[in-house]
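Everything below concerns the one structure shown next.
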Amino acid sequence: MTHNEPLNHTGRKGIAMAEKTITIRDNRSGREVELPIIEGTDGPPVVDVTGVYRDFGIFTLDPGYRSTASCRSRITFIDGEKGILRYRGYPIEQLAEKSSFLEVCYLLMYGELPTASAFEEFSEIITRHTMIHEQLRQSYTGYRRDAHPMAIMVGVVGALSAFYHDSLDVHDPRHREISAHRLISKIPTIAAASYKYSIGQPFVYPQNRLGYAENFLNMLLSVPCEEREIPPSISRAMDKIFILHADHEQNASTSTVRLAGSSLANPFAAVSAGIGALWGPAHGGANEAVLKMLAEIGDVDRIGTYIDKAKDPDDPFRLMGFGHRVYKNYDPRAMILRQAAHEVLTELGRENDPLLKVAMKLESIALEDDYFVKKKLYPNVDFYSGIILSAIGIPTNMFTVIFAVSRTVGWISQWMEMISEPGHVIGRPRQLYEGAAVRDYVAISQR
Ligand code: SDX
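Pasting the structure below:
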């Protein structure tokens, strides 16, 4: 299996020679320093500020990282203005139509589409590691039955390091690969079990004869006394949802995994941290929030009220499933899911699903509303995914769990890229301190 060549790293020893530069001048001292501009394969170039603190004694400030590239990467490229998303150079539209999630996992991990024999080997490895340790399965009983499945996911994934000590040397490429395989294999089993536990049903074991998406749906929807027939079109829709959510460059949860992993923590702990970050309704928790919002709106006649709330600067309500830090055009994943939603609901004879009707009307109103047009707020990946998942019969509180199942391959691929980078250092941002100036302690009797 091929691996990524390490990225060249500017590192602390100074900056790779660059033809293009930006000159910054410190008006306090008149000093000028040239900073190199580094261009990538695609997208905006960067100005390398690695040496700014060393040369000027100042930090750069960028809360929310709107103008900050946190790393060099070769995995995923997105262009927010053009609505472009590519995994290892392949457009998401082509992968969603022609590939499979397991093949996309190989592509994200190893950087190339697999040959037939490499894919057969990879599929065999993933298929044969889908079971989890029986004691890990028993650990679920430590949670309340009504715990949110994401709470269980955070705990159980973090606990994987308590069971797989034999592959935790993050400096060993083979250990990294084994941990990646284990995560990709076991995350659907862990996810389905978190749901089964929350409804008091027995766990359904993985079946090696089933494909990745079908196996997940079977573990989620079957019961030991009756197999649930999963229509191929539904498995395909699930597989497509997995493909579309697999990676997305340096989003909040991926950045969390990178930062946690930069301390050389084990990959299970780093991915557990990523699951926690994904849970937020501003990020992966939005798909669950979209369904709740559509259900709360309930009828197309009530859409105006919610649009007004979303536009009210004094109202914290946001139109869930709309807007994106990067996409200032349609999220290409939303376009694909919009089509898939229609196909699945038609297949299930639910083309008149009230939620879909509210969603379609909400989308058309918002896209014509001046507020959303001016702020370039378009439907994002979370706007339609929940409608499909709900139609398949998946409960709302499992939507973000499904996002985590898919994004695990993105997280672990980005972690592998970071850890294997020569000269990699721990991530340790600084701050602009605006607190109290130095002062002496005052005894309580004097306060
Ligand atoms: C995901 O980063 C990724 O790649 C994430 C993700 C991935 O694959 O990993 O794509 C997955 O997280 C998708 C996003 C899911 N979240 C939601 O759908 C929640 C609703 N969306 C918003 O919370 C918001 O749009 C964010 C969090 C997604 C983006 O936040 P930003 O970057 O702070 O938004 P912005 O700066 O582009 O907003 C511009 C303006 C602001 O108003 P002003 O301060 O200019 O007056 O638009 C407003 C925002 O208040 N705005 C919204 C809005 N989203 C932004 N107003 C109403 N409804 C919204 N949904």
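Residues in the sequence shown are numbered consecutively from 387, following this note's numbering.
Beta carbons are placed, not taken as given, at the ideal position from N, Cα and C, and that holds for glycine.
All values reported here derive from a predicted model rather than from experimental measurement.
query: Own chain, CB closer than 6 Å to Gly-400, minus 5 neighbours either side, in chain order; result: Residue placement at Gly-400 is poorly supported in this model, since its pLDDT is 39, which falls under 50; the coordinates are not used for a value here.
query: Reduced DSSP secondary structure (H/G/I, E/B, other) of Arg-411; result: strand
query: Pairwise C-alpha distance: Leu-818 and Cys-457; result: 22 Å
query: Pairwise C-alpha distance: Glu-674 and Phe-785; result: 6 Å
query: Separation of Pro-765 from Ala-696, as counted between CA atoms; result: 14 Å
query: Rounded separation between Arg-816 and Lys-582 - CA only; result: 43 Å
query: Among Asn-652, Leu-645, Val-590, nearest to Asp-552 - alpha-carbon criterion; result: Asn-652
query: Cα-Cα separation, Gly-475 to Asp-465; result: 12 Å
query: Near ligand 1: Lys-761 beta-carbon under 7 Å from a heavy atom; result: yes
query: For Pro-667, the residue or residues it bridges with in DSSP; result: Pro-667 pairs with nothing; no bridge assigned.
query: Cβ contact (3+ pairs, closer than 8 Å) linking the segment 718-735 and the segment 676-695; result: no
query: Meets three-Cβ-pair contact criterion under 8 Å: the segment 482-496 and the segment 731-749; result: no
query: When Thr-516, Pro-477, Met-517, Arg-514 are compared against Leu-499, the one with the closest alpha-carbon; result: Pro-477
query: Beta-ladder partner(s) of Thr-462, from DSSP; result: Tyr-473
query: Reduced DSSP category for Val-759 - H, G, I as helix; E, B as strand; rest coil; result: helix
query: Helix, strand or coil at Phe-708 [DSSP, three-state]; result: strand
query: N-terminal and C-terminal residue of the alpha helix (DSSP H) that Arg-622 is part of; result: 618-630
query: Rounded straight-line distance, which links the Cα of Asp-717 to that of Ala-752; result: 15 Å
query: Contact check, Val-643 vs Trp-801, beta carbons under 8 Å; result: yes
query: Separation of Thr-462 from Leu-741, as counted between CA atoms; result: 32 Å
query: Selected residue, minimal CA-CA separation from Ser-584, among Ser-641, Thr-513, His-534; result: His-534
query: DSSP bridge partner residues for Arg-644 (one or two, in chain order); result: Answer is none; Arg-644 lacks a bridge partner.
query: Ala-533 (DSSP reduced to helix, strand or coil); result: coil
query: Cβ shell of Leu-529 (< 8 Å), same chain only, five flanking positions each side left out; result: Note that residue 529 is Tyr in the sequence shown here, rather than Leu. Excluding residues within five positions, the ones whose Cβ falls inside 8 Å are Ala-537, Ile-538, Gly-541, Tyr-583.
query: Local conformation of Ile-423 per DSSP, three classes; result: strand
query: Close-in-space but distant-in-sequence residues of the same chain around Leu-522 (CB under 6 Å, 5 per side omitted); result: Phe-549
query: Secondary structure of Val-432, DSSP reduced to three states; result: strand
query: Arg-816 - DSSP class collapsed to helix/strand/coil; result: coil
query: Met-804 CB to nearest heavy atom of ligand 1 below 7 Å; result: no
query: Three-state secondary structure (DSSP) of Glu-612; result: strand
query: Backbone CA spacing between Asn-601 and Ile-444 [nearest angstrom]; result: 53 Å
query: C-beta atoms of Leu-494 and Ser-799 nearer than 8 Å; result: yes
query: Identified DSSP bridge partners for Glu-418; result: Arg-411
query: Among Val-828, Lys-747, Pro-610, Gly-586, the one whose alpha carbon lies nearest that of Gln-593; result: Pro-610
query: C-alpha gap between Ala-502 and Ile-512, whole angstroms; result: 15 Å
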